[in-house]
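Enquirer: Numbering (my numbering), first residue to last: 840 to 1232.
Glycine included, C-beta positions come from ideal geometry on N, C-alpha and C.
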């Protein structure tokens, strides 16, 4: 019978990664609710350029996530995490200083170069046994979820009183604290720095061809594409209907519900498997975007936002844990970064589409998104947890 509790060294690692990811997410979540508002109000901005400012972050991450993952497989997770945080810090400061949409796009390019998501997840999963990973990631998810609650609550209030650029500087301050904590409190897992790892191009190609990994990549891509579109369009609609100061009334219940889903379904995936939980998350997202098409009132858009965000949070701890089960453990950092690349590709395309469709009619795009989510559900159904298509490297 497999142990379910965590050992002391596992608890320390989970606590450390949770704090790092939580502080980083607190800064990010203060920016997300108002970013499209900030971007559309800059001199020279159009909704399409504002969408590009959103999407650029993810597009740059795509180019660097896999190199960062491979670098961390050789140099160690801690060193590469600090490098990425430093680059992201510079991007946040420049974002706050931006006086035009072109400057903001450039700052987002720099911020996107801090591509550490795959590295951090690999750092956590390599120190936790496979049967405990979904639970471990759910605890990280709780820290991130609580950060989202505080960030979403404070963001509209601070932005209304002090201005949106202040949020970027607060984010930079939180990243600085995160870097200090990483330097003094976290250590590389032994296997990350002591083994001499030879990673062949054939191994990476095998990972890309693995059908089960492709299903997880597809779910991550479509989910994040929808997330960027929804978080571009709906805040602008809420801003029009209830104003910036009142938007916390929308974000607080949504973030509370999302955090509860993240914790609950993270544990359920360990017991019932990845497939049913992921399908439930995709279905909830699809229901959310369809509600946004049907209900144009503030209440209708709130229900749409709630359903969509709950679906996103259901999948948030489950998909990375499933990816970490990839058979070739020497490629863990690389495979996790490939998965994150698909997520950020979705985020990048979703941001650009969000801006473009806002100039036209977002409802047609949301119908298309619902169809993509339905297709992802069908594609995910045969997922076999790498049992049928083992990787070769």
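1) Under a Cβ-count criterion, where at least 16 other Cβ atoms within 10 Å of its own Cβ denotes burial, should residue 886 be classed as buried or exposed?
2) Using a 10 Å radius around the Cβ and a threshold of 16 neighbouring Cβ atoms, would you call residue 846 buried or exposed?
3) Where does residue 1086 fall in DSSP's three states?
4) Could you tell me which whole alpha helix (DSSP H) segments of length 4 or greater appear in the stretch 1124-1194?
5) Using 8 angstroms for Cβ pairs, my map puts residue 1143 next to residue 1120. What's the rounded Cβ distance?
6) Have a look at 1117, 883, 875 and 1053 and flag the residue whose alpha-carbon is nearest the alpha-carbon of residue 1175.
7) If you run the structure through DSSP and keep just helix, strand and coil, what is residue 851?
8) Between residue 997 and residue 1045, what straight-line distance do the alpha-carbon atoms span, to the nearest angstrom?
9) In angstroms with no decimal places, state the Cα-to-Cα distance between residue 881 and residue 1005.
10) Quick one: any contact between the stretch 978-990 and the stretch 1068-1077, if contact means 3 or more CB pairs under 8 angstroms?
11) Thinking just about the alpha-carbon of each residue, which of 863, 1193, 906 and 904 is nearest to the one in residue 1021?
12) Out of curiosity, what's the CA-to-CA distance linking residue 1092 and residue 913?
13) Output the distance between the C-alpha atoms of residue 1138 and residue 1025, rounded to the nearest integer angstrom.
14) How would you write the range of the alpha helix (DSSP H) that residue 1078 sits in, first residue to last?
15) Please name the residue in 1106, 1003 and 1101 whose C-alpha comes closest to that of residue 1150.
16) With DSSP run on the structure shown, which of helix, strand or coil describes residue 915?
17) Skipping 5 residues on each side, what residues in its chain have a beta carbon closer than 6 angstroms to that of residue 1035?
18) Does the Cβ of residue 1209 have 16 or more other Cβ atoms within 10 Å, making it buried, or fewer, making it exposed?
19) State the start and end residues of the unbroken alpha helix (DSSP H) segment that holds residue 1027.
20) Please state whether DSSP places residue 885 in a helix, a strand or coil.
21) Alpha helix (DSSP H) containing residue 1201: first to last residue?
22) Within the continuous alpha helix (DSSP H) that includes residue 950, where are the two ends?
23) Restricting to Cα atoms, I'd like to know which of 971, 874, 1162 and 927 is closest to residue 1015.
Expert: In short:
1) Numbered from its first residue, the chain shown carries residue 886 at position 47. Buried.
2) If you number the chain shown from 1, residue 846 lands on position 7. Exposed, by the Cβ-count rule.
3) As a first step, residue 1086 is located in the chain shown; it is residue number 247 there, counting from the start. In the three-state scheme derived from DSSP, where H, G and I count as helix and E and B as strand, residue 1086 is classed as coil.
4) Under the rule that a run must span 4 or more residues, the alpha helix (DSSP H) segments found entirely inside the stretch 1124-1194 read 1137-1154 and 1157-1162.
5) The residue given as residue 1143 occupies position 304 in the chain shown. The residue given as residue 1120 occupies position 281 in the chain shown. Not confirmed; about 16 angstroms, so no contact.
6) As a position in the chain shown, residue 1175 is number 336, starting the count at 1. Checking every option, the nearest Cα to that of residue 1175 belongs to 1053.
7) As a first step, residue 851 must be located in the chain shown, where it is residue number 12. Correct three-state label for residue 851: helix.
8) Position 158 of the chain shown, counting from 1, holds the residue named residue 997. Position 206 of the chain shown, counting from 1, holds the residue named residue 1045. Going from the Cα of residue 997 to the Cα of residue 1045 covers about 48 angstroms.
9) Translated into positions along the chain shown, residue 881 becomes position 42. Translated into positions along the chain shown, residue 1005 becomes position 166. Rounded to whole angstroms, residue 881 to residue 1005 spans 15 angstroms at the Cα level.
10) no
11) Counting from one through the chain shown, the residue named residue 1021 turns up at place 182. The shortest C-alpha separation from residue 1021 is found at 863.
12) Taking the first residue of the chain shown as 1, we reach residue 1092 at position 253. Taking the first residue of the chain shown as 1, we reach residue 913 at position 74. When rounded, the distance between both Cα atoms is 42 angstroms.
13) Indexing the chain shown from 1 puts residue 1138 at position 299. Indexing the chain shown from 1 puts residue 1025 at position 186. Their backbone Cα atoms lie some 44 angstroms apart in a straight line.
14) Residue mapping note: residue 1078 aligns to position 239 of the chain shown, counting from 1. Segment 1050-1081, the alpha helix (DSSP H) holding residue 1078.
15) Start at 1 with the first residue of the chain shown, and residue 1150 comes out as number 311. Ranking the options by Cα distance to residue 1150, first place goes to 1101.
16) Translated into positions along the chain shown, residue 915 becomes position 76. Looking at residue 915 - three-state DSSP - the assignment turns out to be coil, as it is neither helix nor strand.
17) As a working note, residue 1035 is residue 196 in the chain shown. Because the pLDDT of residue 1035 is 39, which lies under 50, any placement of that residue in the model is unreliable, and the number read from its coordinates should be weighed accordingly. None.
18) Residue numbering aside, residue 1209 sits at position 370 when the chain shown is read from its first letter. Residue 1209 should be labelled buried.
19) Taking the first residue of the chain shown as position 1, residue 1027 is located at position 188. Residue 1027 -> no alpha helix (DSSP H), and no H or E assigned at all.
20) Taking the chain shown and counting its residues from 1, the one referred to as residue 885 is at position 46. Coil at residue 885, not helix or strand.
21) Taking the first residue of the chain shown as position 1, residue 1201 is located at position 362. Element bounds for residue 1201: 1201-1219.
22) The residue given as residue 950 occupies position 111 in the chain shown. Unbroken alpha helix (DSSP H) run through residue 950: 940-951.
23) Walking along the chain shown from the start, residue 1015 turns up at place 176. The shortest Cα separation from residue 1015 among 971, 874, 1162 and 927 belongs to 927.
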